[in-house]
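Using this note's numbering, the letters of the sequence shown map in sequence onto residues 86 to 158. Virtual Cβ for every residue (Gly too), placed ideally from N, Cα, C.
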Amino acid sequence: IIQPEQDTVIREYVKKKPVASLSLPGVELNIGTALPETVELYEVPDVQYRYVVIEGRTVLVDPGTRKIVKVYD
Numbered sequence: 086i087i088q089p090e091q092d093t094v095i096r097e098y099v100k101k102k103p104v105a106s107l108s109l110p111g112v113e114l115n116i117g118t119a120l121p122e123t124v125e126l127y128e129v130p131d132v133q134y135r136y137v138v139i140e141g142r143t144v145l146v147d148p149g150t151r152k153i154v155k156v157y158d
C-alpha cells in the first residue's frame, strides 16, 4: 500500500530523474503484472518500490516480486 506522502515523494522524484521510456509489446500495464528480469528498475530514495517508464507511463514495481503495484498516467 502506497501512502499519500510516499506518492508525493515518488511523483516529485520521477519528475526530477526522468528515465527513457521502454516499449514492452505484450506486457499488460496492470497492477499485479510481473515485469521481465530484463527490465531495469530505478530506485526512489526512502521508498521500498522501484520505478520504470513503459509506453510513456511511470510504473511502480515491487523489486522483490517485480510485480506492478501502481501505474501513473
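In terms of DSSP beta bridges, what is residue i paired with?
i: S108; result: Answer is none; S108 lacks a bridge partner.
i: Y136; result: Y127 and L145
i: I153; result: V146
Residue i and residue j look like a contact to me (Cβ under 8 Å); what is the Cβ gap, rounded to whole Å?
i: A119; j: R151; result: 5 Å
Find out if the Cβ-Cβ distance for the pair residue i, residue j is shorter than 9 Å.
i: P130; j: Y157; result: no
i: E94; j: V154; result: A small fix is needed here, since residue 94 is Val in this sequence, not Glu. No, they are not a contact pair.
i: K102; j: Y134; result: no
i: E125; j: V137; result: yes
i: I87; j: L107; result: no
Cβ pair count under 8 Å reaching 3, the stretch 102-111 against the stretch 147-157: no
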